[in-house]
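Chains as they are written, first to last, in this note's numbering: chain A, 1 to 270; chain B, 1 to 270; chain C, 1 to 270; chain D, 1 to 270.
Glycine included, each C-beta is placed from N, C-alpha and C at the ideal position.
Just so it is clear, the structure is predicted and the values come from calculations on it, not from any experiment.
4 protein chains.
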Amino acid sequence: MELSPTRQKLYTIIFGTGTPAGKRFDMVLIYLIAISVLAMILESVSVIEGRYGVWLNAVEWGFTGIFTLEYLVRIYCSPHPLRYMRSFYGLVDLLAILPSYLGLFLAGMNYLLIIRLLRVLRIFRILKLVRYLSEANILMRAMVMSRRKILIFFSAVLVLSTIFGSLMFLVEGPENGFTSIPKSIYWTIVTITTVGYGDITPQTVIGQFIAAAAMLTGYSIIAVPTGILTAELATEMQRERTSRRCEDCHSSGHESDALYCRYCGTPLSD
Amino acid sequence: MELSPTRQKLYTIIFGTGTPAGKRFDMVLIYLIAISVLAMILESVSVIEGRYGVWLNAVEWGFTGIFTLEYLVRIYCSPHPLRYMRSFYGLVDLLAILPSYLGLFLAGMNYLLIIRLLRVLRIFRILKLVRYLSEANILMRAMVMSRRKILIFFSAVLVLSTIFGSLMFLVEGPENGFTSIPKSIYWTIVTITTVGYGDITPQTVIGQFIAAAAMLTGYSIIAVPTGILTAELATEMQRERTSRRCEDCHSSGHESDALYCRYCGTPLSD
Amino acid sequence: MELSPTRQKLYTIIFGTGTPAGKRFDMVLIYLIAISVLAMILESVSVIEGRYGVWLNAVEWGFTGIFTLEYLVRIYCSPHPLRYMRSFYGLVDLLAILPSYLGLFLAGMNYLLIIRLLRVLRIFRILKLVRYLSEANILMRAMVMSRRKILIFFSAVLVLSTIFGSLMFLVEGPENGFTSIPKSIYWTIVTITTVGYGDITPQTVIGQFIAAAAMLTGYSIIAVPTGILTAELATEMQRERTSRRCEDCHSSGHESDALYCRYCGTPLSD
Amino acid sequence: MELSPTRQKLYTIIFGTGTPAGKRFDMVLIYLIAISVLAMILESVSVIEGRYGVWLNAVEWGFTGIFTLEYLVRIYCSPHPLRYMRSFYGLVDLLAILPSYLGLFLAGMNYLLIIRLLRVLRIFRILKLVRYLSEANILMRAMVMSRRKILIFFSAVLVLSTIFGSLMFLVEGPENGFTSIPKSIYWTIVTITTVGYGDITPQTVIGQFIAAAAMLTGYSIIAVPTGILTAELATEMQRERTSRRCEDCHSSGHESDALYCRYCGTPLSD
Numbered sequence: 001m002e003l004s005p006t007r008q009k010l011y012t013i014i015f016g017t018g019t020p021a022g023k024r025f026d027m028v029l030i031y032l033i034a035i036s037v038l039a040m041i042l043e044s045v046s047v048i049e050g051r052y053g054v055w056l057n058a059v060e061w062g063f064t065g066i067f068t069l070e071y072l073v074r075i076y077c078s079p080h081p082l083r084y085m086r087s088f089y090g091l092v093d094l095l096a097i098l099p100s101y102l103g104l105f106l107a108g109m110n111y112l113l114i115i116r117l118l119r120v121l122r123i124f125r126i127l128k129l130v131r132y133l134s135e136a137n138i139l140m141r142a143m144v145m146s147r148r149k150i151l152i153f154f155s156a157v158l159v160l161s162t163i164f165g166s167l168m169f170l171v172e173g174p175e176n177g178f179t180s181i182p183k184s185i186y187w188t189i190v191t192i193t194t195v196g197y198g199d200i201t202p203q204t205v206i207g208q209f210i211a212a213a214a215m216l217t218g219y220s221i222i223a224v225p226t227g228i229l230t231a232e233l234a235t236e237m238q239r240e241r242t243s244r245r246c247e248d249c250h251s252s253g254h255e256s257d258a259l260y261c262r263y264c265g266t267p268l269s270d
Numbered sequence: 001m002e003l004s005p006t007r008q009k010l011y012t013i014i015f016g017t018g019t020p021a022g023k024r025f026d027m028v029l030i031y032l033i034a035i036s037v038l039a040m041i042l043e044s045v046s047v048i049e050g051r052y053g054v055w056l057n058a059v060e061w062g063f064t065g066i067f068t069l070e071y072l073v074r075i076y077c078s079p080h081p082l083r084y085m086r087s088f089y090g091l092v093d094l095l096a097i098l099p100s101y102l103g104l105f106l107a108g109m110n111y112l113l114i115i116r117l118l119r120v121l122r123i124f125r126i127l128k129l130v131r132y133l134s135e136a137n138i139l140m141r142a143m144v145m146s147r148r149k150i151l152i153f154f155s156a157v158l159v160l161s162t163i164f165g166s167l168m169f170l171v172e173g174p175e176n177g178f179t180s181i182p183k184s185i186y187w188t189i190v191t192i193t194t195v196g197y198g199d200i201t202p203q204t205v206i207g208q209f210i211a212a213a214a215m216l217t218g219y220s221i222i223a224v225p226t227g228i229l230t231a232e233l234a235t236e237m238q239r240e241r242t243s244r245r246c247e248d249c250h251s252s253g254h255e256s257d258a259l260y261c262r263y264c265g266t267p268l269s270d
Numbered sequence: 001m002e003l004s005p006t007r008q009k010l011y012t013i014i015f016g017t018g019t020p021a022g023k024r025f026d027m028v029l030i031y032l033i034a035i036s037v038l039a040m041i042l043e044s045v046s047v048i049e050g051r052y053g054v055w056l057n058a059v060e061w062g063f064t065g066i067f068t069l070e071y072l073v074r075i076y077c078s079p080h081p082l083r084y085m086r087s088f089y090g091l092v093d094l095l096a097i098l099p100s101y102l103g104l105f106l107a108g109m110n111y112l113l114i115i116r117l118l119r120v121l122r123i124f125r126i127l128k129l130v131r132y133l134s135e136a137n138i139l140m141r142a143m144v145m146s147r148r149k150i151l152i153f154f155s156a157v158l159v160l161s162t163i164f165g166s167l168m169f170l171v172e173g174p175e176n177g178f179t180s181i182p183k184s185i186y187w188t189i190v191t192i193t194t195v196g197y198g199d200i201t202p203q204t205v206i207g208q209f210i211a212a213a214a215m216l217t218g219y220s221i222i223a224v225p226t227g228i229l230t231a232e233l234a235t236e237m238q239r240e241r242t243s244r245r246c247e248d249c250h251s252s253g254h255e256s257d258a259l260y261c262r263y264c265g266t267p268l269s270d
Numbered sequence: 001m002e003l004s005p006t007r008q009k010l011y012t013i014i015f016g017t018g019t020p021a022g023k024r025f026d027m028v029l030i031y032l033i034a035i036s037v038l039a040m041i042l043e044s045v046s047v048i049e050g051r052y053g054v055w056l057n058a059v060e061w062g063f064t065g066i067f068t069l070e071y072l073v074r075i076y077c078s079p080h081p082l083r084y085m086r087s088f089y090g091l092v093d094l095l096a097i098l099p100s101y102l103g104l105f106l107a108g109m110n111y112l113l114i115i116r117l118l119r120v121l122r123i124f125r126i127l128k129l130v131r132y133l134s135e136a137n138i139l140m141r142a143m144v145m146s147r148r149k150i151l152i153f154f155s156a157v158l159v160l161s162t163i164f165g166s167l168m169f170l171v172e173g174p175e176n177g178f179t180s181i182p183k184s185i186y187w188t189i190v191t192i193t194t195v196g197y198g199d200i201t202p203q204t205v206i207g208q209f210i211a212a213a214a215m216l217t218g219y220s221i222i223a224v225p226t227g228i229l230t231a232e233l234a235t236e237m238q239r240e241r242t243s244r245r246c247e248d249c250h251s252s253g254h255e256s257d258a259l260y261c262r263y264c265g266t267p268l269s270d
């Protein structure tokens with residue numbers, strides 16, 4: 001499907017990031033999203049809502065209008081509108097405006113809970129920012145590559161939490177706040193991740209002993225995801241470094257700022 | 001000892017993981033274990049137990065039956081039944097069904113505590129999952145290789161905890177919650193691992209000073225297991241990567257998805 | 001601009017670190033700053049202030065005099081006085097003495113809050129120490145080099161905190177302490193960084209489930225800054241270790257196995 | 001100074017670790033220290049002290065006798081008795097027995113506090129174990145090598161804590177628990193190290209904002225000591241690994257347990 005010149009130009013500005021106009025568009029959008037999210041966060045503070053509620057409501061509708069326009073233009077200038085609408089970013093863009101309109105639709109009725117839900121849902125507009133964060137691709141690649149290992153690690157953490165949680169439920173029992181195994185598992189996760197709220201704490205000597213064991217376990221397995229990611233990141237960084245080759249002696253591993261091959265002295269091309 | 005064809009076939013399915021049937025058997029078992037553990041966790045919630053207790057009891061016996069069958073078939077088709085029964089996984093498989101039967105045996109009596117113990121013990125059925133987790137062998141190897149260093153590290157943590165615990169017992173004393181040295185050691189472990197429940201906190205100025213010193217110590221030794229494991233993991237990963245060699249120029253360090261030697265261009269065998 | 005011999009000599013002592021006199025001057029200054037900050041910290045303890053207030057006040061004015069003298073001499077002997085005054089260290093040196101004089105100026109009036117503010121502001125005198133800390137340039141360089149990645153990481157943490165905070169505000173609501181989205185975001189940061197005060201804790205089952213998810217997320221992303229910095233530090237350390245210099249272009253940072261300078265191609269001596 | 005054969009033999013057993021007798025002596029001593037420390041820990045529990053106090057007292061004197069004997073024999077068989085007595089381990093060995101005798105000396109008087117102090121001081125006997133832990137020399141070397149960097153890091157943490165603490169004292173003030181700057185610094189260390197007791201928490205909005213900033217700072221600088229140590233450890237491990245070279249093909253990078261060169265199959269010399 002061939003695009004008209006106008007649509008092609010719009011596409012370069014809105015979807016592209018290479019041209020100055022495209023970059024300016026992205027910057028403006030980032031600021032708009034940030035301000036819009038800030039306004040919604042402030043709206044949730046009852047003191048501010050009471051005093052500036054009308055203003056915040058107006059601001060909110062202004063932003064909804066802008067993001068609706070952005071969504072429609074994106075559909076208009078995309079070469080594959082349906083594919084865009086079904087993509088992750090298309091759904092996020094829709095989610096960013098839908099709750100406001102649904103709230104309008106349900107305003108007559110008194111479904112307070114649903115309205116509250118929709119209000120908060122609008123904040124997922126912040127996900128629109130992910131489009132720009134994801135350009136940090138070294139981090140992403142390192143995370144994707146260690147995905148499987150991190151999954152196995154999480155399974156191990158869950159198995160550990162179940163075992164420690166059951167033990168604590170057995171030893172401490174409902175009289176010390178460990179009212180059920182799910183709650184004990186919640187306590188174990190709070191402990192193993194070293195968060196430690198202190199809303200539930202072991203009271204018996206055996207319970208404190210098991211808790212200490214759980215902490216030391218958590219303390220030592222905190223090393224695992226760090227180790228995995230560090231090793232991957234180091235590899236990623238090294239690969240970036242070793243992607244330059246000497247054309248004469250075919251050696252690699254040159255720093256990105258090197259001008260001459262460090263093994264044979266031949267000038268390096270970029 | 002030669003196995004009959006039926007037993008050999010069963011062995012391939014149940015113990016093996018290479019054939020499609022073996023993989024399917026493993027997947028079914030993983031789901032059964034997960035559901036069974038979930039049912040037991042829910043049973044511990046008194047509200048759910050009161051309402052669906054009968055159903056959960058029935059489900060429980062169903063699972064006990066399935067796992068008993070699995071245990072018997074494993075014994076039947078294993079080429080060395082006794083060795084299997086005495087192995088780690090054999091004991092775990094036994095432990096996964098024993099508490100249910102013991103509970104039946106003791107139901108007549110009123111040993112409430114023992115019944116509660118047996119109920120919770122059934123949850124160790126989750127250890128059956130370790131069989132599948134342990135396939136994550138890079139992680140395991142890195143952990144096993146840094147075993148000695150981590151042990152020394154834990155000894156150092158225990159010595160530190162004893163010293164800091166005794167000091168706090170001396171400085172704060174029973175009137176501020178540090179009722180005995182074991183309790184003070186428990187507090188030190190809670191602090192050094194940065195869990196920090198806040199159930200016992202230093203009240204005197206000197207106590208808070210020592211606590212701050214303990215925290216900074218903990219904060220800096222948190223680096224030790226991470227450092228050990230990261231260094232081991234990096235080595236393990238590098239080894240895996242460098243385990244492929246070019247047959248022509250004998251260079252190593254090829255990525256696992258490389259098809260050609262990156263030094264001389266010769267196709268790489270697997 | 002040519003400096004007179006006296007000013008040149010003073011400049012070498014005060015700004016330089018190479019000569020014995022310069023080193024001695026720096027050491028004296030470090031001790032003076034440390035004692036002065038200590039005196040101010042002690043002054044904030046009401047018991048000590050009540051008993052030794054007069055003495056601490058005298059000590060304070062002594063230090064203010066010394067630092068004022070230092071500031072004036074620095075201006076006098078600097079070859080570019082204005083550039084020094086506008087630099088980071090020049091502003092810190094001014095900030096270290098200004099609050100004391102402002103306090104004198106406002107002593108007649110009863111602006112208690114402002115006086116308290118000025119009192120505490122004097123403690124920023126501790127920033128004068130940064131001049132000496134910043135000599136630790138491996139750490140600094142590693143941090144500066146991973147600056148961009150850490151910024152992206154913080155953006156990701158803020159996006160995550162907003163999402164988790166909004167969810168908790170929705171699920172737990174004002175009745176369980178989550179009175180507004182900003183407060184919920186504060187709670188999420190407390191949780192994700194594994195601080196876990198326990199002043200606000202989830203009470204509902206769904207809330208505890210989301211909290212556990214937030215903790216595990218925090219636990220796994222704690223690895224990211226560590227990984228980034230470790231990889232950078234390892235590179236920095238390796239580069240420093242290989243501080244071999246090219247005799248021709250005087251560039252450093254050559255790997256230990258390099259035979260030729262990577263900037264000008266001259267053979268490297270050992 | 002020449003030693004008599006008996007003293008030489010004793011020296012090999014007591015100070016050496018190479019002979020079977022020396023190893024057995026070390027093992028026995030480790031167990032004795034562990035049991036002795038355990039007895040003292042139990043003695044601090046008032047319930048146990050009340051019931052088994054007489055027995056624990058007897059056990060304690062038995063151990064004091066054994067360690068006194070060990071100390072005297074060490075002095076007797078050491079080739080440089082004075083140098084041993086003034087060394088770190090000599091002082092620890094003395095400290096391990098001194099409090100018991102001092103306690104006897106002061107038993108007539110009623111200096112309860114001093115007796116309590118001496119009682120707890122005996123627990124430093126655990127430091128005798130350091131002699132055996134310190135054989136973990138890779139860890140030690142990595143720590144000693146990154147000593148300077150870790151010191152600079154701690155200075156930076158203290159400067160940060162002072163600044164954040166002063167700010168919190170200013171913003172929250174004594175009415176919210178931040179009664180003085182030292183207490184606020186204590187709170188900042190509790191927060192930055194992610195311990196988070198929750199005994200003092202920010203109540204004002206600005207205070208919570210500053211607290212969140214402190215947490216994120218702490219979260220990101222937690223990476224620094226980890227990074228330093230990991231980089232050092234990785235270097236140490238690599239050095240150990242690369243210190244062996246094949247004499248035939250001159251390749252390096254052989255594991256410490258390899259017997260043959262993994263590149264050409266030539267037996268490796270140690």
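- Query: Whose C-beta lies closer than 7 angstroms to the C-beta of C:M85 among residues of the same chain, with five residues either side of it excluded?
  - Reply: Excluding positions up to five away in sequence, the list reads I75.
- With distances taken from CA atoms, which of C:G50, C:A231 and C:R125 is nearest C:L32? Closest in C-alpha terms to C:L32, from the list C:G50, C:A231 and C:R125, comes C:R125.
- Message: Can you pull the chain B neighbours of A:T194, defined as C-beta to C-beta under 7 angstroms?
- Response: Chain order gives the chain B residues near A:T194 as T193, T194 and V195, where near means a beta carbon separation below 7 angstroms.
- Span of the alpha helix (DSSP H) holding A:P182? A:P182 -> alpha helix (DSSP H) spans I181 to I192.
- Message: Would you say D:D257 lies against chain C (beta-carbon separation less than 8 angstroms)?
- Response: The predicted position of D:D257 is uncertain, since its pLDDT is 47 and thus under 50; no value can be drawn from it.
- Show which residues of chain C have a CB atom less than 9 angstroms away from the CB atom of A:A234. Around A:A234, the beta-carbon contacts reaching into chain C at under 9 angstroms are G227, T230, A231, A234 and T235.
- What's the gap between the Cα of A:G18 and the Cα of A:F63? Going from the Cα of A:G18 to the Cα of A:F63 covers about 26 angstroms.
- Item | Beta carbon of C:F204 nearer than 8 angstroms to that of C:E232 | Correcting the residue identity first, residue 204 of chain C is Thr in this sequence and not Phe. Taking a C-beta distance under 8 angstroms as the contact criterion, C:T204 and C:E232 do not qualify as a contact pair.
- Query: Measuring CB to CB, does D:I150 end up less than 8 angstroms from D:P225?
  - Reply: The Cβ atoms of D:I150 and D:P225 lie closer than 8 angstroms to each other.
- Query: If we cut at 8 angstroms on Cβ distances, does C:G50 have a partner in chain B?
  - Reply: False, the Cβ-Cβ gap to chain B never drops below 8 angstroms.
- Message: Against chain A, does C:V159 count as a neighbour if the rule is that its beta carbon must be under 8 angstroms from one of theirs?
- Response: It does: the Cβ of C:V159 has a partner Cβ on chain A nearer than 8 angstroms.
- Task: Answer with yes or no whether the minimum CB distance from A:G198 to chain C is below 8 angstroms.
- Result: At least one chain C Cβ lies under 8 angstroms of A:G198.
- Endpoints, alpha helix (DSSP H) assigned at A:T274: An answer regarding residue 274 of chain A cannot be provided, because it is not within the stretch 1 to 270 covered by chain A.
- Task: Output yes if chain C places a C-beta closer than 8 angstroms to the C-beta of A:L106; else output no.
- Result: So, not an interface residue.
- Task: Spell out whether any CB of chain A is found under 8 angstroms from the CB atom of C:G177.
- Result: It does not; no Cβ of chain A falls within 8 angstroms.
- Secondary structure at D:Y71, three-state DSSP: helix, strand or coil? DSSP places D:Y71 in helix when its eight states are reduced to three.
- Item | Cβ-based neighbour list, D:V59, same chain, cut-off 7 angstroms, excluding 5 preceding and 5 following | Within the same chain, D:V59 has close Cβ partners A39.
- Query: Just reading off the alpha helix (DSSP H) that B:D93 is part of, what are its end residues?
  - Reply: For B:D93, the uninterrupted alpha helix (DSSP H) segment begins and ends at F88 to L95.
- Query: What's the call for C:F178, buried or exposed, on a 16-neighbour Cβ count within 10 Å?
  - Reply: In this structure C:F178 is buried. Its beta-carbon is surrounded by 16 or more other beta-carbon atoms within 10 angstroms.
- Item | chain D residues whose Cβ lies nearer than 9 angstroms to that of C:F154 | Within chain D, the residues L216 and S220 have their CB atoms less than 9 angstroms from the CB of C:F154, given in chain order.
- Spatial neighbours of A:I192 within its chain, please: CB distance less than 8 angstroms, with the 5 preceding and 5 following residues excluded, ordered by chain position. Within the same chain, A:I192 has close Cβ partners V157, L160, S161, F164, A214, M215, T217, G218 and I221.
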